[in-house]
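S.K.: Protein chains in written order, with the working numbering: chain Z, 1 to 214; chain R, 1001 to 1214.
Number of protein chains: 2
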Amino acid sequence: MKVTLENVLPGDIEKRSFEIITAELGDRKLPEDKAALIKRVIHTSADFEYADTLCFSDGVMEKALDAIKNGASIVTDTQMGRSGINKRSLAKYGGQVYCFMSDEDVAEAARKNGTTRAVASIEKAVSMEGPLIFAIGNAPTALVRLYELIEEGRISPALVIGVPVGFVNVVQSKELIMETDVPYIVARGRKGGSNVAAAICNALLYMLDKTRGR
Amino acid sequence: MKVTLENVLPGDIEKRSFEIITAELGDRKLPEDKAALIKRVIHTSADFEYADTLCFSDGVMEKALDAIKNGASIVTDTQMGRSGINKRSLAKYGGQVYCFMSDEDVAEAARKNGTTRAVASIEKAVSMEGPLIFAIGNAPTALVRLYELIEEGRISPALVIGVPVGFVNVVQSKELIMETDVPYIVARGRKGGSNVAAAICNALLYMLDKTRGR
Chain Z
1 MKVTLENVLP GDIEKRSFEI ITAELGDRKL PEDKAALIKR VIHTSADFEY ADTLCFSDGV
61 MEKALDAIKN GASIVTDTQM GRSGINKRSL AKYGGQVYCF MSDEDVAEAA RKNGTTRAVA
121 SIEKAVSMEG PLIFAIGNAP TALVRLYELI EEGRISPALV IGVPVGFVNV VQSKELIMET
181 DVPYIVARGR KGGSNVAAAI CNALLYMLDK TRGR
Chain R
1001 MKVTLENVLP GDIEKRSFEI ITAELGDRKL PEDKAALIKR VIHTSADFEY ADTLCFSDGV
1061 MEKALDAIKN GASIVTDTQM GRSGINKRSL AKYGGQVYCF MSDEDVAEAA RKNGTTRAVA
1121 SIEKAVSMEG PLIFAIGNAP TALVRLYELI EEGRISPALV IGVPVGFVNV VQSKELIMET
1181 DVPYIVARGR KGGSNVAAAI CNALLYMLDK TRGR
């Protein structure tokens, strides 16, 4: 056997991973308040491109952390994303994670209106109360609809995490969100995913946990 | 607004995505029996590297499809992977998707033995009956333990999908699986993920559905 395993204790794997990421970033300077988030996305994807493609609106980190502290809930466009977000950590601040994609009324609305279910699930969120974070890791149609609802003044998210992945209107949907005045974290280009959306949510949660000393 | 959206009907987005992927692959020839699977992984990740990094054991496609037809269940190492696999499609052939990561006995065994929960969840699968597919999208420790159990003759998977992502022993764990005699689909290198694991499972299911005319 020529394969040699690195001897790392289970509890140290994540720490060691972040050390490797930091080392490989080398002289590359990340903005201090965003470094932990960017590294967590790289940790989730093993893709250093995110150091270049992640885009942040002005003051978004503070606004995002405040939203969570104020009990913001997260609406996401896939069950995978919902699975990946640390719901226990979010619940400590009063928020919950919602995904409406499998809801019967969403399927029905999508059929009736000839939209994707992702669009119908964003429309379902319009009537929700309290601060909302949208974590879109899959459907550009969701992000486009969100853009329209923001422009129409019908919804005012505390944060939009815009990281759908793919080939049809993915790049465009992200550019649209970056034209709005809402706080955003966007992965420019085609890449992203439910895993990246969840990683960004969790990075924010762990930052807060840290300041609370846990 | 300078952003121009491509006008694609909801039901055509996936088809259009695959057309773009095929066009961008250009002269690059993919093995005919594996092209749909490789393209689905690219579709899920927007990462063309997978055309180079996906590795297949001899005859794995036929063996994998036969396993599903014979009612194989899928064991995966994340709830995200479980969320992403098309459980309805798998159920048509008699299989189910299992993830033991949140099980109390798994947490207890990991604590007791000083392993990751991923290792304990693989050990829990040893006593399962019937053909098993392991879809490992997160934990290299799970893949390493699977390798050991295979070498000890204690488990004989119908297929190992080895696509953990990350920085500590990820590359090595995949190389180990490729040293065994079990059928495998592996994404060489650091990249992979629960989304990639689910995409590979779904690609296999959709191939079968297609041959059954659905």
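We treat Cβ as the ideally placed atom computed from N, Cα and C, and that holds for glycine.
Small disclaimer: the values here were computed from a predicted structure and weren't measured.
For residue 187 of chain Z, collect the residues of the same chain with a Cβ closer than 8 Å to its Cβ; drop the 5 residues on either side in sequence, then sort them by chain order.
M.R.: Numbered from its first residue, the first sequence carries residue 187 of chain Z at position 187. Only 41, 50, 53, 54, 55, 162, 163, 174 and 196 meet the Cβ criterion.
S.K.: Are any of the Cβ atoms in chain R nearer than 8 Å to that of residue 101 of chain Z?
M.R.: Reading the first sequence from its first residue, position 101 is the one you call residue 101 of chain Z. False, the Cβ-Cβ gap to chain R never drops below 8 Å.
S.K.: Since residue 50 of chain Z is in the beta strand (DSSP E), which residue starts that stretch and which ends it?
M.R.: Looking up residue 50 of chain Z in the first sequence gives position 50. Here residue 50 of chain Z belongs to no beta strand (DSSP E); instead the alpha helix (DSSP H) covers 50-53.
S.K.: Among R/1096, R/1119, R/1013 and R/1045, which one has its Cα closest to the Cα of residue 1205 of chain R?
M.R.: In the second sequence, counting from the first residue as 1, residue 1205 of chain R sits at position 205. Comparing Cα-Cα distances from residue 1205 of chain R to each of R/1096, R/1119, R/1013 and R/1045, the minimum goes to R/1096.
S.K.: When the Cα of residue 194 of chain Z is compared with those of Z/99, Z/34 and Z/19, which residue comes out closest?
M.R.: Mapped onto the first sequence, residue 194 of chain Z falls at position 194. Comparing Cα-Cα distances from residue 194 of chain Z to each of Z/99, Z/34 and Z/19, the minimum goes to Z/99.
S.K.: Report the three-state DSSP secondary structure of residue 1067 of chain R (helix, strand or coil).
M.R.: Working through the second sequence from its first residue, we reach residue 1067 of chain R at position 67. Residue 1067 of chain R falls in the helix class under three-state DSSP.
S.K.: I want to know whether the segment 113-132 of chain Z touches the segment 82-92 of chain Z - three or more CB-CB distances under 8 Å.
M.R.: Taking 8 Å as the limit for Cβ pairs, the verdict is that the segment 82-92 of chain Z does not touch the segment 113-132 of chain Z.
S.K.: Compare the beta carbon distance of residue 1074 of chain R and residue 1133 of chain R with 8 Å and say whether it is the shorter of the two.
M.R.: Translated into positions along the second sequence, residue 1074 of chain R becomes position 74. Translated into positions along the second sequence, residue 1133 of chain R becomes position 133. Result yes, Cβ atoms of residue 1074 of chain R and residue 1133 of chain R sit closer than 8 Å.
S.K.: Out of R/1033, R/1006, R/1013 and R/1009, which has the shortest C-alpha to C-alpha gap to residue 138 of chain Z?
M.R.: Counting from one through the first sequence, the residue named residue 138 of chain Z turns up at place 138. Ranking the options by Cα distance to residue 138 of chain Z, first place goes to R/1013.
S.K.: So which residues on chain Z does residue 986 of chain R lean against when the C-beta distance must stay under 7 Å?
M.R.: Because chain R in this structure spans residues 1001 to 1214, residue 986 of chain R falls outside the shown range and cannot be described.
S.K.: Throw me the rounded Cβ distance for the residue 72 of chain Z and residue 130 of chain Z pair, which I believe falls under 8 Å.
M.R.: Taking the first residue of the first sequence as position 1, residue 72 of chain Z is located at position 72. Taking the first residue of the first sequence as position 1, residue 130 of chain Z is located at position 130. Indeed they touch by this definition, with Cβ atoms about 7 Å apart.
S.K.: Is the beta carbon of residue 120 of chain Z within less than 7 Å of some heavy atom of the ligand NAD?
M.R.: The ligand NAD is not among the ligands present in this structure, which contains no ligands whatsoever.
S.K.: For the putative contact between residue 135 of chain Z and residue 81 of chain Z, defined by C-beta atoms under 8 Å, what is the C-beta separation to the nearest angstrom?
M.R.: By 1-based counting over the first sequence, the position of residue 135 of chain Z is 135. By 1-based counting over the first sequence, the position of residue 81 of chain Z is 81. At roughly 6 Å, the Cβ-Cβ gap stays under 8 Å, so residue 135 of chain Z and residue 81 of chain Z are in contact.
S.K.: Take residue 62 of chain Z as the anchor and find which of Z/183, Z/118 and Z/6 has the nearest alpha-carbon.
M.R.: Translated into the one-based positions of the first sequence, residue 62 of chain Z becomes position 62. Closest by alpha carbon: Z/183.
S.K.: What's the gap between the Cα of residue 8 of chain Z and the Cα of residue 1140 of chain R?
M.R.: Indexing the first sequence from 1 puts residue 8 of chain Z at position 8. Indexing the second sequence from 1 puts residue 1140 of chain R at position 140. Using only the alpha carbons, I get a separation of about 12 Å.
S.K.: Name the chain Z residues whose beta carbon is nearer than 9 Å to that of residue 1162 of chain R?
M.R.: As a working note, residue 1162 of chain R is residue 162 in the second sequence. Within chain Z, no residue comes near residue 1162 of chain R; the closest Cβ sits about 13 Å away, beyond 9 Å.
S.K.: Compare the beta carbon distance of residue 1190 of chain R and residue 46 of chain Z with 8 Å and say whether it is the shorter of the two.
M.R.: Here residue 1190 of chain R corresponds to residue number 190 of the second sequence, with the count starting at 1. Here residue 46 of chain Z corresponds to residue number 46 of the first sequence, with the count starting at 1. It is a contact, given that the beta carbons lie within the stated cut-off.
S.K.: Under a three-way DSSP split, which group does residue 165 of chain Z fall into?
M.R.: Residue 165 of chain Z sits at position 165 when you count from the first residue of the first sequence. DSSP places residue 165 of chain Z in coil when its eight states are reduced to three.
S.K.: Give the interface partners of residue 5 of chain Z over in chain R, defined as CB-CB distance under 7 Å, in chain order.
M.R.: As a first step, residue 5 of chain Z must be located in the first sequence, where it is residue number 5. In chain order: 1144, 1169 and 1172.
S.K.: Please tell me whether residue 1121 of chain R has its Cβ less than 8 Å away from any Cβ of chain Z.
M.R.: Locating residue 1121 of chain R in the second sequence gives position 121, where the first residue counts as 1. Judged by the 8 Å Cβ criterion, residue 1121 of chain R is not in contact with chain Z.
S.K.: Using alpha carbons as the reference points, say which of Z/60, Z/105 and Z/121 lies closest to residue 34 of chain Z.
M.R.: What you label residue 34 of chain Z is simply residue 34 of the first sequence in a count that begins at 1. Among Z/60, Z/105 and Z/121, the Cα nearest to that of residue 34 of chain Z belongs to Z/60.
S.K.: Is the beta carbon of residue 1020 of chain R closer than 8 Å to that of residue 167 of chain Z?
M.R.: Residue mapping note: residue 167 of chain Z aligns to position 167 of the first sequence, counting from 1. Residue mapping note: residue 1020 of chain R aligns to position 20 of the second sequence, counting from 1. Contact flag set, yes.
S.K.: What residues from chain Z crowd round residue 1045 of chain R, counting only those whose CB sits closer than 8 Å?
M.R.: As a working mapping, residue 1045 of chain R is identified with position 45 in the second sequence. Here the neighbours are 165, 191 and 193.
S.K.: Quick one: residues in its chain with C-beta nearer than 6 Å to the C-beta of residue 17 of chain Z, no 5 flanking neighbours on either side, listed in chain order?
M.R.: Taking the first residue of the first sequence as 1, we reach residue 17 of chain Z at position 17. The answer, listed in chain order, is 43.
S.K.: Looking at the secondary structure, which residues open and close the alpha helix (DSSP H) in which residue 206 of chain Z lies?
M.R.: Here residue 206 of chain Z corresponds to residue number 206 of the first sequence, with the count starting at 1. 194-211 is the span of the alpha helix (DSSP H), which, as asked, contains residue 206 of chain Z.
S.K.: For residue 1188 of chain R, decide whether its Cβ has a neighbour in chain Z, counting only Cβ atoms nearer than 8 Å.
M.R.: Here residue 1188 of chain R refers to the residue found at position 188 when the second sequence is read from its first residue. No, because no Cβ of chain Z sits closer than 8 Å to the Cβ of residue 1188 of chain R.
S.K.: Hey, is residue 1008 of chain R's beta-carbon within less than 8 Å of any beta-carbon in chain Z?
M.R.: Taking the first residue of the second sequence as 1, we reach residue 1008 of chain R at position 8. Output row for residue 1008 of chain R: interface = yes.
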